[in-house]
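Letter by letter, the sequence shown follows residues 9 to 397 in our numbering. Glycine included, every Cβ here is placed at the ideal spot set by N, Cα and C. Working notes for the structure below.
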Amino acid sequence: MSERTLRLGMVGGGQGAFIGAVHRTAAALDGVFLITAGALSSTPERSRASGTAVGLPDDRNYPDWRAMLDGELRLPRDSRIDAVAIVTPNDTHFEIARAFTQAGFHVLCDKPLVHTSAQAAELVRSVRSAGTLFAVSYNYSGYPLVKQARELIAAGAIGRVRRVSVEYHQGWLAANLEQSGQKQAAWRTDPARSGAAGALGDIGSHAEQLVAYVTGLELESICVDLSTFVPGRRVDDDAGMLLRFVGGARGALTASQVCVGCENDLRLRVWGETGGLDWRQEQPNELHLATLGEPERVLRRGNDYLGPAARSATRLPPGHPEAFFEAFANVYRAFGAAIRVGATGLEAAAQHDFPGILDGARGVHFIETALASARSDVRWTDARFRPPA
Ligand SMILES: NC(=O)c1ccc[n+]([C@@H]2O[C@H](COP(=O)([O-])OP(=O)(O)OC[C@H]3O[C@@H](n4cnc5c(N)ncnc54)[C@H](O)[C@@H]3O)[C@@H](O)[C@H]2O)c1
């Protein structure tokens, strides 16, 4: 096993971008990755300026991702980047991810993976034939107490799961922010860039992955209601759905970006035959555990009473809050560990506990299925009350 620092290239994440800087911090947090190359923006000038601002060496501060791919392939193998992080808007993921995969680089791509299941399937085939690793930054599964919840459910601590409630509520798109030129709002509400879904794809995809990761349950069918509340908006900004899982568990998922006052209010509750769990992303250092007939307990990150997955995903003693960066870094650390031991195959993601390409492909399928369900009225029963004449 090689413990050397891995070389990471980055596409996207230039000046004014949101998530690229989080990726850079997370990738570097444990010294597993060093940002070595990049094509950080959508024009050559902005790419160069952005790369200089984050300290990229001139010779690996590329004008665009194709130049980065060519430039890195020209270098001797032992100085090329090991992996590339793709942190651009959704419409660009497929082409960039496929090109780097086919050239033999490991890839970490942000969510939602791609626009269509056909693209996801092609990407899965590319990864399989290249023998590379592929991670998708579903960072919420990196939280220690999310890992604890998963371990508790797997160990039967709440019994067989009956009901799941997951909600991801934001309020930042309650008004027509896209008209103001705010760039994150502009591309997220443009179906050509974001994909056919709005809130459903942007944050509903996180909710779907969190449920799958924590409960291990497989979705059997969904009944979906999508709305666009803000006039003129071209994608949904509010999604609600009923969930049926294989094996009989039931659930509800809401993902909305018009909940005034909400910031990143992601909450997962799971109830089984003998207990219940409650975790919130805005209080990520606590996990509430209810057991039938007993007072509720609050498990706190960093304590020795937690299981091995939560303990190894923690860096600070209890009481010093850890949050978004550290959870993100846990995805990078697991991905890096898999690279270092030379892991291959699609199963490597589950074995090393990072979200992989199959999770990304399942997320794309979820979005497509939800859009199809929302277009169908078949399962809805008219519930309007008409007062007697
Ligand atoms: N995992 C998470 O929690 C999380 C959070 C936010 C965003 N995201 C995802 O990350 C991605 C980026 O989102 P964001 O909010 O940072 O967007 P953003 O608009 O803030 O940043 C996108 C960056 O990509 C650059 N870019 C665009 N096209 C490019 C190209 N062809 N080559 C190189 N750079 C290019 C832009 O110049 C910009 O720097 C999206 O897929 C989004 O869904 C994930």
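### Query
Where do the N-terminal and C-terminal ends of the beta strand (DSSP E) with ILE161 fall, by residue?
It is not in any beta strand (DSSP E) - ILE161 instead sits in the alpha helix (DSSP H) that spans 152-162.
### Query
Can you tell which of GLY224, ALA138, VAL372, SER137 has its C-alpha closest to the C-alpha of LEU160?
GLY224
### Message
Just to confirm the assignment: which complete alpha helix (DSSP H) runs, minimum length 4, are found wholly within the stretch 72-160?
### Response
73-82, 101-110, 125-138
### Message
Going by DSSP in three states, ASP245 sits in which element: helix, strand or coil?
### Response
coil
### Query
Hey, quick one: how far does the beta strand (DSSP E) through GLU175 stretch, first residue to last?
169-177
### Query
What are the complete alpha helix (DSSP H) segments, minimum 4 residues, inside the stretch 176-256?
191-196, 199-202, 213-223
### Task
Can you give me the Cβ contacts of ALA57 inside the same chain, cut-off strictly under 7 Å, excluding the 5 residues immediately before and after it?
GLN23
### Task
Can you tell me which of the three DSSP states GLU53 falls into?
helix
### Query
Since GLU376 is in the alpha helix (DSSP H), which residue starts that stretch and which ends it?
365-383
### Separation of ALA47 from SER55, as counted between CA atoms
6 Å
### Query
For GLY269, does the three-state DSSP call read helix, strand or coil?
coil
#### Entry: DSSP three-state assignment for GLY28, whether helix, strand or coil
helix
#### Entry: Sequence-distant residues of the same chain with beta carbon closer than 8 Å to PHE333, five excluded per side
VAL30, THR33, ALA34, LEU37
### Task
Say whether the stretch 247-259 touches the stretch 224-235, bearing in mind that this needs 3 or more beta-carbon pairs closer than 8 Å, one atom from each stretch.
yes
### Task
Output the boundary residues of the alpha helix (DSSP H) element that contains ILE347.
332-348
### Task
Just grab the DSSP bridge partners of ILE43 for me.
LEU16
### Task
Report the rounded CA-to-CA distance for GLU135 versus ARG392, giving the unit in angstroms.
The question names Glu, but residue 135 is Val in the sequence shown. The straight-line gap from Cα to Cα measures roughly 50 Å.
#### Entry: Short Cβ contact (9 Å threshold) for ASP90 with PHE113
yes
### Task
Excluding the 5 residues preceding and the 5 following THR299 in the sequence, name in chain order all residues of the same chain whose CB lies nearer than 6 Å to its CB.
GLY283
### Task
Say yes only if the C-beta of SER145 is nearer than 8 Å to one or more non-hydrogen atoms of ligand 1, and no if none qualify.
yes
### Query
Exposed or buried, which one is HIS328 when buried takes at least 16 other CB atoms within 10 Å?
exposed
### First and last residue of the uninterrupted beta strand (DSSP E) at ARG288
283-288
### 9 Å Cβ cutoff met for LEU276 and VAL222
yes
### Message
Short of 6 Å in beta carbon distance, which residues of its chain neighbour GLY59, apart from the five on each side in sequence? Order them along the chain.
### Response
GLY46, LEU48, ASN69
### Query
Once you ignore the five residues that flank ARG319 on each side, which residues in its own chain have a CB closer than 8 Å to its CB?
PRO152, ASP312
### Query
So who's on the other strand from HIS328, going by DSSP bridges?
In DSSP, HIS328 forms no bridge with anything.
#### Entry: Backbone secondary structure at ALA351 - three-state DSSP
coil
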